[in-house]
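A.B. asks: In terms of the numbering used here, the sequence shown opens at residue 560 and continues consecutively.
Before we start, here is the structure in question, set down as structure tokens.
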Amino acid sequence: MSLIDKRDTLIKKWLKKAAADIKESLKSDLNVETKTKRNDLVTNMDRQIERDFVEQIQYHFPEDQIVSEEGYGDKIEDIHLEENTVWFLDPIDGTLNFVLQEENFAVMLAVYEKGIGQQAYVYDVMRDELYWAIKGKGVYCNDQLLPKMSDTPLKDGLFASNSMYLSDKQVNLNTEITKQAMGVRTIGSAGIEATELAKGSVVAYVSYGLKPWDVAPGLILIEENGGVLTEFDGSPIDLLNTKPTIMGTPTANEEIQKMI
Ligand code: IPD
Ligand code: CA
Ligand code: CA
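Below you can see the structure in the form of structure tokens.
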């Protein structure tokens, strides 16, 4: 079995267990704390799931490094993306949805070898939909291969963004984009929004505050299915130092870059 297949088998097994644990946790009260601000939440489950994954990754792949949200992985400054195998882990993407909606959140993982994205997983827990990709083999939802995305321009599709686009500071930035698109959608999980783009439900997703673990899986899934991710000025994504990001079909990405 290749290393990629070994990881793939383990990751899918771990994700199944994580999803079962998360669903079980919804039967009783969650322990919810705030982090940097009132709507930046962390729960006991974010921590537990991250701890479980980190433990498994370190046991099976002791040489690898881990970039993760809740602090159980390695320090960002110690990560050598170009030299090592690096795992990116977001135990629950969309924690606000997890707490307030009990849906629209995902467990996310991505593996990069020497800076090259090899495999990505975004598991929409409550829908039981696992979006996953191995480099060069297409993007799947569960067992179903997704068709490659068509290069739809902004005017013929939906535009997605996080809710920051509604704030005064950002509203001008998005006015033109919003006018051109057929409509605007906001889910509240960068990972699920990346899968929406990969499967063609939206033509672009723009976000201002994404972290490495928010972007790393989407980068693989979207590029694998024919889309483009860049920073606002068109530069390639710097995974360890993330900046405002445009994910889109090739045409929509270019159109948005020109408007920003
Ligand atoms: C957040 C979600 C949200 C995005 C934020 C992320 P979290 O992740 O992906 O949609 O707008 O920038 O931080 O904190 O729920 O893992
Ligand atoms: Ca996240
Ligand atoms: Ca998270």
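Beta carbons: idealized from backbone N, C-alpha and C, even for Gly.
1) Would you mind sorting R597 into buried or exposed? The rule is 16 or more other CB atoms within 10 Å of its CB.
2) Under a three-way DSSP split, which group does M667 fall into?
3) With G676 and A669 assumed to form a contact (beta carbons below 8 Å), what rounded beta-carbon distance in angstroms separates them?
4) Curious, which full-length beta strand (DSSP E) runs of at least 3 residues does the region 623-651 contain?
5) By how many angstroms is the C-alpha of M806 removed from the C-alpha of I563?
6) Which residues in the same chain have their Cβ closer than 6 Å to the Cβ of G759, if we skip the five residues on either side of it in sequence?
7) Comparing C-alpha positions only, which one of P712, L713, D715 and I693 sits nearest to L705?
8) Thinking just about the alpha-carbon of each residue, which of Q607, I608, V681 and N590 is nearest to the one in L600?
9) When DSSP builds the beta bridges, which residues end up paired with S760?
10) Going by C-alpha distance, which of N721, L799, W573 and V787 is nearest P712?
11) Applying the 10 Å Cβ sphere with the 16-neighbour rule, what's the burial state of Q703?
12) Could you check whether the region 741-749 touches the region 786-803, counting it as contact only if at least three pairs of C-beta atoms, one from each stretch, sit closer than 8 Å?
13) Across which residues does DSSP place T808 in a beta bridge pair?
14) Is any heavy atom in ligand 2 found nearer than 7 Å to the beta carbon of D519?
15) With burial defined as no fewer than 16 other Cβ atoms inside 10 Å of the residue's Cβ, what is the status of T734: buried or exposed?
16) By the DSSP assignment, the beta strand (DSSP E) with D683 in it spans what residues?
17) For I819, which three-state DSSP category applies?
18) For a test of the three-state rule: what should DSSP assign to G742, helix, strand or coil?
19) Are the beta-carbon atoms belonging to T602 and T644 less than 8 Å from one another?
20) Could you check if P650 belongs to the surroundings of ligand 3, using beta carbon to heavy atom distance under 7 Å?
21) Could you tell me the alpha carbon to alpha carbon distance between Q877 and K714, rounded to whole angstroms?
22) Would you decide whether S720 is buried or exposed? Buried here means 16 or more other CB atoms lie within 10 Å of its CB.
23) Taking C-alpha atoms, which residue in M604, P650 and L585 lies nearest to Q660?
C.D. replies: According to the data block:
1) exposed
2) strand
3) 6 Å
4) 624-627
5) 26 Å
6) M708
7) I693
8) N590
9) According to DSSP, S760 bridges with nothing at all.
10) Measuring C-alpha to C-alpha distances from P712 to each of N721, L799, W573 and V787 identifies V787 as the nearest.
11) exposed
12) The answer is no - the region 786-803 does not touch the region 741-749, with fewer than three Cβ pairs under 8 Å.
13) According to DSSP, T808 bridges with nothing at all.
14) Summary: the structure shown does not reach residue 519, with the chain confined to residues 560 through 819, and so no result is reported for it.
15) exposed
16) Where D683 is concerned, the enclosing beta strand (DSSP E) stretches over I675 to D683.
17) coil
18) strand
19) no
20) yes
21) The first residue shown for the chain is 560 and the last is 819, placing residue 877 beyond what the model contains.
22) buried
23) L585
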